[in-house]
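Asker: Residue numbers (the working numbering): 359 to 501.
1. Taking the runs of the alpha helix (DSSP H) that are 4 residues or longer, which of them lie wholly in the stretch 390–433?
2. Please report the residue range of the alpha helix (DSSP H) in which residue 369 lies.
3. Since residue 495 and residue 471 are thought to touch, with beta carbons under 8 Å apart, how far apart are those beta carbons, to the nearest angstrom?
4. How would you write the range of the alpha helix (DSSP H) that residue 380 sits in, first residue to last?
5. By Cβ distance, which residues of its chain are closer than 6 Å to residue 375, with the 5 residues on each side in sequence left out?
6. If you check the beta carbons only, do residue 405 and residue 383 fall under 8 Å apart?
7. Look at the alpha carbon of residue 475 and the alpha carbon of residue 391, and state the distance between them as a whole number of angstroms.
8. If you check the beta carbons only, do residue 418 and residue 459 fall under 8 Å apart?
9. When you compare the stretch 411–426 with the stretch 362–371, are there three or more beta-carbon pairs, one atom per stretch, that lie closer than 8 Å?
10. On the CB-based measure, 16 or more other CB atoms within 10 Å of its CB, does residue 481 come out buried or exposed?
11. Using only the alpha-carbon positions, how far apart do residue 455 and residue 500 sit?
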């Protein structure tokens, strides 16, 4: 059974790209499953740190984007919105130029006022690059 409010599509999610860090880092929405959201991002010169590997902060941007958009798609956006409360990341192996990183976000807990998401980042060879956990606050729009 699907966790999504309505039936979000890749085209609908792509609206979140324009004029944001998502567009700057060339993050793409790639797949929506019944209980997960996947995004991809290439490792390019602009995503590297000075040692020539994927910047850890960029990995966190990718992870938070996946869980933020995922959490947003589980609530009635006319009544509620979500914001990040906490995120952590463990960097397992480096992303290198030419890699394509896929982030898969799945909810661990979806409560009335908060959600916790697990995000796994893998390279194109299915090697684990980063594990992240993100907590999202679920807030009501002001009347």
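We put the beta carbon where it would ideally sit given N, CA and C, even for glycine. Note that the structure is predicted; figures quoted are calculated from it, not measured.
Answerer: With the structure as the only source:
1. 414–430
2. 368–371
3. 7 Å
4. 379–382
5. 381
6. yes
7. 15 Å
8. no
9. no
10. buried
11. 45 Å
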